[in-house]
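Numbering (full-length UniProt numbering), first residue to last: 1 to 140.
These notes are about the structure you will find just below.
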């Protein structure tokens, strides 16, 4: 394997484990609110709840759901070897729950005027994957 042109200082991408039970339940129409009680560790479930709350104008609730999804995602990232920096690629579908929760948290933080938090979240989201913000916006 050639290392020419490779950034040897950047950590390997972090790839979160799949959540087949959550994916299958969502595909069969189970509601995220019901899944949150069954799978509270799932960032995707919390991200979906956050996005729905924000879409309905429930900013504080959306913020709270997104914050839970973000922290659950950080826990899973750390268990997967992430050390607070490095790629978390959008192209790996199981990473999308964390990235969506992070995006929703940024949206909610902006809505309540938490400027410093918005800047921190924007930086983290782009550091995880520069394509994530646009990919998230296409979902909404």
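Heads up, the beta-carbon is just placed ideally off N, CA and C, and yes, glycines get one too.
Note that the coordinates shown come from a computational prediction; the quantities given were computed from them, not determined experimentally.
Annotated three-state conformation of residue 114 is coil, per DSSP. In chain order, 102, 105, 106 and 109 place their CB closer than 7 Å to the CB of residue 121, counting only its own chain and leaving out the 5 sequence neighbours on each side.
Counting only residues of its own chain and dropping the five nearest sequence neighbours on each side, residue 65 has a CB closer than 7 Å to the CB of 46, 49, 50 and 53. Per DSSP, the unbroken alpha helix (DSSP H) holding residue 133 starts and ends at 132-139.
Put simply, the backbone Cα of residue 140 is about 16 Å away from that of residue 58. Within its own chain, the residues whose Cβ lies closer than 6 Å to the Cβ of residue 25, once the five positions on either side in sequence are excluded, are 35, listed in chain order. For the pair residue 129 and residue 89, the CB atoms are nearer than the 8 Å cut-off.
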